[in-house]
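Engineer: All residue numbers for the sequence shown refer to UniProt numbering, where the first residue is 1 and numbers rise by one.
Sharing a structure here in structure tokens format.
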Amino acid sequence: MATTTPSQSKTLDPLLLWMIHGNYYDLHTYVSRHPGGKEAILLGRGRDCTALFESYHPFTSQHRRVLEKHRVTIDTSFCSKQQDRKVSKQTVSSSEQASDVFYNMLCQRVAHALQSQGVDPIRDRGATWTRSIYYVFLFAALLASGYAHCTGSLLGSLLFGVAGWFIGALGHDGGHFAVSRRAWLNDFSVWGISWLCNPIMWQHQHTYAHHSFTNEFDHDPDLHHFTTFLRVHRKFQQNCIYRNQANWVYVFWAYTFVTFGACFWIPWGVLREQTLYGLVDWTDRKRPSRTAAFVFHLVTYFGLVMVLPFWTHGTWYKACLGVILHMTTSGLIFAFFSQINHINELSLDEKVVKLHRSTLDPTVRDSWAVAQVEASNNFCTDSAFWHLFSNGLNLQIEHHLFPGINHCHLHHIAPVVRETCNEYGVRYKSYDSWSDIMRAMLKWLDQLSVGLD
């Protein structure tokens, strides 16, 4: 590939640049022309966005040619105090580094698998018409149940929680820019996650950090959500309250707070601290429109879900019950289909992961794609019911490898991903039932309930 000489830009602030494979790029003049929209590209500004860059362009090399035109050099001493600068140990392939043989092979085979089903891997990666109609149905269900919740129906409050989970499928796909090739439609769709998480925070927490550094203790915020109640990683200090997580009833009780945390408590902390647990910098903080949207969701969620029922449910105890029904229902379902995908011994125990990694061929040992497979878990991969009810999270491995592909296409690529993993000796963990994968998570939490590490 032809390269250009990096321009000298010593006065540029690294927090206004994009870092990819350890190099800096000034993409400000390209933001408005980015085919995926400005929000997709601005998500990587001011930090290491290597995984974002590669995993959202798996079927083309055009992105590298465009990128090289914007490469700059800076005074590296200025970077020493900046946050979010560290490049993950696991990186995806780059023309400037040793090629990631495993991910390259996956990309080739997945592209072929999609084409064999009549799906163009670039043009047709978004929602099908059937999927789009499903989104509309979910939106109607959300409006109906939301109206019932706001007008005093306890059944409506419960169903509002269920609908909030299902419309999250739209928000999840939108947050990964996978609803449509039209950027504005993805930007609108991410608001479907609103009843599970603040949509602005979601893209920093989930789209960027969780998917870039899955299960890395110092980089993945998802490991730090429940420290008040649960210990999910050995690096967390033992606390007497964690002894309770040996009991599944306690674990499920802790999960009832998931949406309260993700929609209100954690976003409030981000507003105060301008960072998520000190791990993920809120790079949108100097963009008034994003800050306004962030606060709008925080206030609206608090008002509709937690305050309005006290005016419409007649009595304070009925209002409390309505709020609890909604938040408990959405929180439990969200936790039941998100936590199980990454929290178990084979995915989180560093000794186990390192031991297996040592058996792999050296050419794939440090692959970002290998790390994604090892940190993720599938279940009931052939079940249409579980795919629908889990919002597609039963195919978590495929989703983490190719986040820009809509969930409705993942079943086409699952067989070839499994075959490729087996070929390279990468551990592809797929459970036969939801109860099996849940037991694996509860077993891990039980192990961590005591401080014998």
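Ideal Cβ placement from N, Cα and C applies to all residues, glycine included.
Got a sec, what are the start and stop residues for the alpha helix (DSSP H) VAL251 sits in?
Structural biologist: First-last of the alpha helix (DSSP H) with VAL251: 248-255.
Engineer: Out of VAL295, SER376, TRP191 and ARG285, which has the shortest C-alpha to C-alpha gap to SER347?
Structural biologist: The option with the nearest alpha carbon to SER347 is SER376.
Engineer: Please list, in chain order, all residues of the same chain as VAL251 whose beta carbon is under 8 Å from its beta carbon, the five residues on each side excluded.
Structural biologist: Result list for VAL251: LEU230, GLN245, LEU442 and LEU445, in chain order.
Engineer: Measuring only the C-alpha atoms, how far is TYR103 from VAL162?
Structural biologist: Near 36 Å, if we compare the C-alpha coordinates of VAL162 and TYR103.
Engineer: Starting from VAL101, trace the alpha helix (DSSP H) both ways and give me its first and last residue.
Structural biologist: Unbroken alpha helix (DSSP H) run through VAL101: 101-116.
Engineer: Keeping to the same chain, check which residues put their C-beta closer than 6 Å to that of ASP84; ignore five residues upstream and five downstream.
Structural biologist: Note that ASP84 scores a pLDDT of 44, beneath 50, so its modelled location is shaky and nothing firm can be said.
Engineer: Going by the DSSP bridge assignment, what does TYR135 pair with across the sheet?
Structural biologist: Per DSSP, none; premise fails for TYR135.
Engineer: Could you tell me if CYS240 is buried or exposed, where buried requires 16 or more neighbouring beta carbons within 10 angstroms of its beta carbon?
Structural biologist: It counts as exposed.
Engineer: Which complete alpha helix (DSSP H) runs does the stretch 375-428 hold, if anything under 4 residues is left out?
Structural biologist: Runs found: 384-389, 396-401 and 410-424.
Engineer: Would the stretch 337-352 count as touching the stretch 210-227 if we require 3 or more Cβ pairs under 8 Å?
Structural biologist: In short, these stretches touch, since the Cβ pair count reaches three.
Engineer: In whole angstroms, what separates the C-alpha of THR312 from that of ALA140?
Structural biologist: The straight-line gap from Cα to Cα measures roughly 22 Å.
Engineer: For the stretch 158-174 against the stretch 348-361, do three or more pairs of beta-carbon atoms, one drawn from each stretch, fall closer than 8 Å, so that the two count as touching?
Structural biologist: They do not touch, by the three-pair rule.
Engineer: Is the CB-CB distance between HIS70 and PRO403 below 8 Å?
Structural biologist: No. Outside cutoff.
Engineer: Do you know how far the Cα of HIS297 is from the Cα of GLY314?
Structural biologist: Whole-angstrom Cα-Cα distance: 26 Å.
Engineer: Tell me where the beta strand (DSSP E) around ASN186 begins and ends.
Structural biologist: Run containing ASN186: none in the beta strand (DSSP E); it sits in the alpha helix (DSSP H), 183-189.
Engineer: Over what stretch of residues does the alpha helix (DSSP H) that includes TRP202 continue unbroken?
Structural biologist: Counting along the chain, the alpha helix (DSSP H) containing TRP202 begins and ends at 199-202.
Engineer: Please name the residue or residues paired with ASN23 in a DSSP beta bridge.
Structural biologist: DSSP lists ILE20 as partners of ASN23.
Engineer: Grab the span of the alpha helix (DSSP H) containing ARG357 for me, first residue to last.
Structural biologist: From DSSP, the alpha helix (DSSP H) with ARG357 extends over 350-357.
Engineer: Classify GLY44: buried if its beta carbon has 16 or more other beta carbons within 10 angstroms, exposed otherwise.
Structural biologist: It is buried - the Cβ of GLY44 has at least 16 other Cβ atoms within 10 Å.
Engineer: Measuring only the C-alpha atoms, how far is LEU271 from PHE236?
Structural biologist: Spanning the two alpha carbons is a distance of roughly 25 Å.
Engineer: Go through its chain and collect everything with a Cβ distance to SER88's Cβ below 6 Å, but skip five positions before and after it.
Structural biologist: Low confidence applies to SER88: its pLDDT is 43, below 50, so where it sits in the model is not reliable enough to give any reading.
Engineer: Look at the alpha carbon of ASP26 and the alpha carbon of HIS63, and state the distance between them as a whole number of angstroms.
Structural biologist: Rounded to the nearest angstrom, the two C-alpha atoms are 14 Å apart.
Engineer: On the DSSP letters alone, give me the boundaries of the alpha helix (DSSP H) that THR50 sits inside.
Structural biologist: Per DSSP, THR50 belongs to the alpha helix (DSSP H) from 50-55.
Engineer: Given a cut-off of 8 Å, decide if GLY146 and PHE160 are closer than it, judged by their beta-carbon atoms.
Structural biologist: Yes, they are a contact pair.
Engineer: Determine the contact status of VAL179 and SER189, defining contact as a CB-CB distance below 8 Å.
Structural biologist: The answer is yes: Cβ separation under 8 Å.
Engineer: Tell me, please, which residues DSSP counts as bridged to LEU276.
Structural biologist: Per DSSP, VAL280.
Engineer: Can you tell me the Cα-Cα spacing of GLN372 and SER390, whole angstroms?
Structural biologist: Rounded to the nearest angstrom, the two C-alpha atoms are 19 Å apart.
Engineer: Determine the DSSP secondary structure at TYR147, reduced to helix, strand or coil.
Structural biologist: Correct three-state label for TYR147: helix.
Engineer: Could you pull the DSSP bridge partners for SER430 from this structure?
Structural biologist: Paired residue(s): ASN378.
Engineer: Can you grab the Cα-Cα spacing for the pair THR329 / PHE260, in whole Å?
Structural biologist: So the alpha carbons of these two residues sit roughly 11 Å apart.
Engineer: Under 6 Å Cβ to Cβ from ARG243, same chain only, skipping five residues before and after it: list those, please.
Structural biologist: Same-chain partners within the cutoff: SER449.
Engineer: Give me, in chain order, the residues of the same chain whose beta-carbon lies closer than 8 Å to that of THR60; leave out the 5 immediate sequence neighbours on both sides.
Structural biologist: Closer than 8 Å at the Cβ level, and outside the excluded window around THR60, lie ILE122.
Engineer: Pick out whichever of VAL417, GLY425 and ARG427 has its Cα sitting closest to the Cα of VAL110.
Structural biologist: That would be VAL417, whose Cα lies nearest to the Cα of VAL110.
Engineer: Out of ILE437, CYS197, ILE405 and TRP434, state which residue places its alpha-carbon closest to the alpha-carbon of VAL119.
Structural biologist: Per the Cα distances, ILE405.
Engineer: Go ahead and label TYR431 buried or exposed: buried means 16 or more other beta carbons lie within 10 angstroms of its beta carbon, across all protein chains shown.
Structural biologist: Classification for TYR431: buried.
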